[in-house]
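Notes follow once the structure below has been shown.
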Amino acid sequence: MKVILLQDVKGTGKKEQIVEVSDGYARNFLLPRKIAVEATATAANAIKHAKAAEEHRESLRKKEALETAERLRGKEIRLTARCGEKGRLYGSITGQEVADALAAQHGVRVEKRHVELSDPIRAVGEYTASVWLYSGISAPMKVLVEAEA
Numbered sequence: 001m002k003v004i005l006l007q008d009v010k011g012t013g014k015k016e017q018i019v020e021v022s023d024g025y026a027r028n029f030l031l032p033r034k035i036a037v038e039a040t041a042t043a044a045n046a047i048k049h050a051k052a053a054e055e056h057r058e059s060l061r062k063k064e065a066l067e068t069a070e071r072l073r074g075k076e077i078r079l080t081a082r083c084g085e086k087g088r089l090y091g092s093i094t095g096q097e098v099a100d101a102l103a104a105q106h107g108v109r110v111e112k113r114h115v116e117l118s119d120p121i122r123a124v125g126e127y128t129a130s131v132w133l134y135s136g137i138s139a140p141m142k143v144l145v146e147a148e149a
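Written out as C-alpha cells, the structure is:
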C-alpha cells in the first residue's frame with residue numbers, strides 16, 4: 001500500500017514522502033496513529049499546497065528580516081548602568097538588557113539568545129553586538145554604555 005508520511009518514521013521514511021509499505025503495517029500502525037495517510041491524488045495535492053504555503057511564509061519571514069536588518073544598520077543602542085571609579089560596572093550588561101533596549105529604542109523584539117555580544121560588557125564604553133534576525137541574516141549594532149548620573 002502506498003502512503004504519505006505525516007512525520008518521520010524510523011526505518012520507513014521522512015515526512016511528506018510517499019512510500020510503499022505492507023498493508024498490515026499501514027492499517028494497524030501508521031493509519032490509526034495518524035502517522036500517515038493513504039496516498040491518493042487528493043492527499044498528494046493537499047501536501048503540495050501545504051508545502052507551497054510554507055515556502056511562501058518562509059519567503060515573507062526572510063523578506064521581513066532583511067528589511068529589519070537594513071533599518072537597523074548603522075543604528076546604536078544606548079544603555080546606562082551604575083558604575084564605580086574608572087568606569088567599571090557593578091555587574092555586567094547581558095544579552096537580555098540589550099534585547100530589551102533594542103525593543104524600547106527601535107521597536108524590534110528579539111530573544112536574548114539572538115543577541116551576540118563581541119565581548120562581555122563590564123565597563124563604560126562602546127561595544128559591538130550582532131542581532132540575529134533570520135537564518136544567515138544578522139544586523140551588527142553599536143552598544144553605547146554610559147554611567148548613570
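Okay, so the sequence shown: first residue is 1 according to the UniProt record's numbering, each after it adds one. Built from N, CA and C at the ideal position, the CB exists for glycine as well. Please read these numbers as outputs of a predicted model, since none were measured by experiment.
**Message:** Could you tell me the alpha carbon to alpha carbon distance between Ser59 and Ile137, rounded to whole angstroms?
**Reply:** 13 Å
**Prompt:** Does the stretch 107–116 come within contact of the stretch 128–142, defined as at least 3 CB pairs closer than 8 Å?
**Reply:** yes
**Exposure of Ala36, with buried meaning 16 or more beta-carbon neighbours within 10 Å** = buried
**Message:** If the criterion is Cβ atoms closer than 8 Å, does the pair Ile93 and Leu102 meet it?
**Reply:** no
**Message:** DSSP three-state label for Gly24, please.
**Reply:** helix
**Request:** Could you have a look at Ile35 and say whether DSSP puts it in helix, strand or coil?
**Result:** coil
**Request:** Would you kindly work out how many angstroms separate the C-alpha atoms of Val124 and Gln105, rounded to a whole number?
**Result:** 19 Å
**Request:** Just list the beta strand (DSSP E) runs in the stretch 95–127, keeping only unbroken ones of 3 residues or longer that don't cross its boundaries, in chain order.
**Result:** 115–117 and 121–123
**Item:** Same chain, Cβ closer than 6 Å to Ala65, neighbours up to 5 away in sequence not counted
**Value:** Leu133, Tyr134 and Ile137
**Prompt:** Among Val143, Gly87, Lys15 and Ala39, which has the Cα closest to the Cα of Met1?
**Reply:** Ala39
**Asked** Can the beta-carbon of Glu16 be found less than 8 Å from the beta-carbon of Ile47?
**Response** yes
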